[in-house]
Structure formats: C-alpha cells, structure tokens
Amino acid sequence: MAKQEFSIPKLALELKSELDAYVMLEDLRWGGNGPESCPKCGAVGRQYFLNPANGASRKTRTGNVSERRVWKCGHCRKQYSVLTDTIFHGTKISIRTWLLVIFEVCSSKNSVSAWEISRKYEVTNETAWHMLHRIREAMKFEPVAGLLGGAVQVDETWIGGEPKNRHRNDPRELPRAYATTDKQPVVSLVHYETRQAHARVVADVTGKSLLPAIEEMMDTKRTHLHTDSARAYKQIAGEFAAHESVDHSAGEYARGNVSTNLNEGFHSQLKRSIDGTHHHVSVVHLQRYLNQFAWMYTNCKLTDSDRMRDLLGNVEGRRLTYKPVVADVDF
Ligand SMILES: [Zn+2]
0 MAKQEFSIPK
10 LALELKSELD
20 AYVMLEDLRW
30 GGNGPESCPK
40 CGAVGRQYFL
50 NPANGASRKT
60 RTGNVSERRV
70 WKCGHCRKQY
80 SVLTDTIFHG
90 TKISIRTWLL
100 VIFEVCSSKN
110 SVSAWEISRK
120 YEVTNETAWH
130 MLHRIREAMK
140 FEPVAGLLGG
150 AVQVDETWIG
160 GEPKNRHRND
170 PRELPRAYAT
180 TDKQPVVSLV
190 HYETRQAHAR
200 VVADVTGKSL
210 LPAIEEMMDT
220 KRTHLHTDSA
230 RAYKQIAGEF
240 AAHESVDHSA
250 GEYARGNVST
260 NLNEGFHSQL
270 KRSIDGTHHH
280 VSVVHLQRYL
290 NQFAWMYTNC
300 KLTDSDRMRD
310 LLGNVEGRRL
320 TYKPVVADVD
330 F
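Counting in numbering that gives the first Met the number 0, the sequence shown runs from 0 upward without gaps.
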C-alpha cells in the first residue's frame, strides 16, 4: 500500500475522535502491527491488546470516559499505551491535537510559534510552548549508527541579542565584536555528502569549545574538516584526518568542495526562522531551537508526511520532565 500523504484537511477528516487519533499514532509508530516490544521491560513479543469491556472506551479513575487504547506485556504483566515513555507521556492534551500540531511543525519551513499554536488549537500559551519543546526533544540529534566520517563543513554564527545592541549595519564595528556583543555563539556542522546538519550552542569560538561540539557528530580521525581561515580551526586541525580552509578575506569562498557555503545557507534559514517566527529566543532554550532547525535542514528533502513519520519514530525514551520556569518562557 502506498504511503499516505497527509494534509491538515485530510488529518482533520480522519481524526474524528480521540480513538481515531490513538489508532493513527499506533500505526505511525508501530506500523499497524501493534508494539513489537514492551516499553516497561523491553521484552520482545507477547504484547496483547486489552479490549475494553464496554467496547471502544473505558472509564478512568475519575469516572471520565477514556478512549485510551491499552496494551499488556505477556512478560512483565504491566499495562501501557502508545504514549508510555514517549514525549507524550502524562499529557493532558488530546492526541488528536498533538498529531495536528506535529504535522504543523513538520510542514512549516520557518517553524511555528507557541502563540500561533495557542490560537489555532485553543490551548494556553504555556501548553503550546511546552508541546513545542516536547516535539523538539524528538528532533534532538543522537548518532544511532555511529559517528559520521567524511567531509564536513564547520562554521560559527551569532544568534539573538537585543535589537538596540545590534551593530551589524554599523561600518565602524569590527566584523565580530566579541567584547560588546550580547549574541550567543553557535557552531554548525553540515556533512558534505549526507547534508546532515548539527548545531550547538558554544561558550565561545575557541578551539577548546568548538572541538567537543564537532566530536558529538563526527569521528574526527575519519573527518576532513572544511572551514574558513579562523585561527580556532588551525588550533584543532591536528585532531582531524585533514583540514582545508578557504580564505574569505582574500575573496575565496569555495575551492572544489572546500567551502562553508552549506553553513551559510543553514545560518540564514536559522536566523529567518528565529527572527521572523520566534522573535526572541531565550539563551536557556536556544539549543532546543537549534535541534529543531538542524533536524529540518537534515530532512528537508522528505515530504511533510515523511518528516512526521521520522519524528514519530523518535518519540520513545525522550520524556521531557523538565518544568519551564515562567521567566524563561519564550514564544
Ligand atoms: Zn514488559
């Protein structure tokens, strides 16, 4: 059967009830055959669906009717649902709303703000904000099949800062005003062949800070590092299989596949989204936004529906128990 392409009208039509939403989430996560293994004990096989006594719904402890679909493990005898041990764990928001919001995020190139989600889906701002951060948790980069090798382009950029402190149009300002800037340095890596992107908040742009960020994604001994001529990269060049740089000050932007052009593209998309959609992003949460934009960049060739499938394949084991401090909430 051909994979279904979703759209908001199609989803709205299919998700008539919370039960429909549970079934769709199970299908998207488990491929229509139910869970392969138990989220409580990890045992594979012997996972049973518990038919509710009265048909489609069951009563919760408080007497409300719940359409939650419950499964039971034949090994540890524990019960669970498609939400257990995922970003949805303990949520009070309907799964119907969750699926629509996830599709909205996966199909918005410039992202979508908590304000927009709040208005469109009739949830509070805080709820929308927390939902979006849970979704970003599933976008977090985790090397599954080992670290990458090959050619990688690495470059830094500065994000945020109060508009009154922005000097970028001031010709007297140095290109990078270390001492006066209130912007946050960010390093990005783009793998030349796979176009996989990764971005990290760094304390500063010294080799000492940049190296650990690169090591999270790349096996340095198998890596050809491509950068501009910043001194920090020369300091850490010995850690890599090779290092080549282009000299922007001499007007050299690309030499063969050596350049930082992929990073430039990634950075401008990142800034467009942060400035245009989120307006202000607190430094405390910046890394979560970087996870989102790196994930979007990496998966930009996928359809919106396949991005949604990819995301739902990463929801397990990523419970976000963190409670936001209201002062830190950024929209
Ligand atoms: Zn079990």
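Don't be surprised by glycine CBs; every beta carbon is placed ideally from N, CA and C. Quantities reported herein were computed from a predicted structural model and do not represent experimental measurements.
For Ile158, the three-state secondary structure derived from DSSP is strand. Non-local C-beta neighbours of Lys71 in its own chain, meaning closer than 6 Å and more than five positions away in sequence, comprise Tyr47, Leu49 and Gln78, ordered along the chain.
In the structure shown, the three-state DSSP call for Cys75 is coil.
If only complete runs of 3 or more residues are kept, the region 217–269 shows the beta strand (DSSP E) at 217–227 and 241–245, in order along the chain. Cβ neighbours of Glu13 within its own chain (closer than 8 Å, five residues either side excluded): Asp19 and Met23. Here the alpha carbon of Leu285 sits roughly 15 Å from the alpha carbon of Asp203.
Burial check for Val104: the Cβ neighbour count within 10 Å reaches 16 or more, so the residue is buried. Assigned with DSSP and collapsed to three states, His277 falls in helix. Excluding sequence positions up to five before and after Leu289, its CB lies within less than 6 Å of the CB of Ala198, all in the same chain and listed in chain order. Here DSSP, grouped into helix, strand and coil, assigns Glu66 to coil.
In this structure, the beta-carbon distance from Val185 to Ile213 does not fall below 8 Å. In the structure shown, Gln3 falls within a coil segment according to DSSP collapsed to helix, strand and coil. For Lys233, the shortest C-beta to heavy atom distance toward ligand 1 is 7 Å or greater. In this structure, the straight-line span from the alpha carbon of Lys39 to that of Leu311 is close to 19 Å.
The nearest non-hydrogen atom of ligand 1 is 7 Å or more from the C-beta of Lys15. Within the DSSP secondary-structure output, Pro184 pairs in a beta bridge with Trp157. With a cutoff of 8 Å on beta-carbon distance, His74 and Arg95 are scored as not near each other. For Arg28, the enclosing alpha helix (DSSP H) stretches over residues Glu17 to Trp29. A distance criterion of 7 Å places the beta-carbon of His242 beyond contact range of ligand 1, judged by its closest non-hydrogen atom. A distance of 8 Å or more separates the beta carbons of Ser304 and Phe87. DSSP, reduced to helix, strand and coil, places Leu49 within a strand of the structure shown. Looking at the backbone, the Cα of Arg68 and that of His266 are separated by about 43 Å. By the criterion of at least three beta-carbon pairs nearer than 8 Å, the region 218–234 is in contact with the region 139–149.
Residue pairing of Val43 in beta bridges, as defined by DSSP: Ser36. Residues lining ligand 1 by the Cβ criterion, that is a Cβ closer than 6 Å to any of its heavy atoms, are Cys37, Lys39, Cys40, Ala42, Cys72, His74, Cys75 and Lys77 in chain order. In terms of Cα proximity to Tyr232, the closest of Leu210, Ala240, Ser248 and Ala249 is Leu210. No Cβ-Cβ contact shorter than 8 Å links Leu269 with Ala241.
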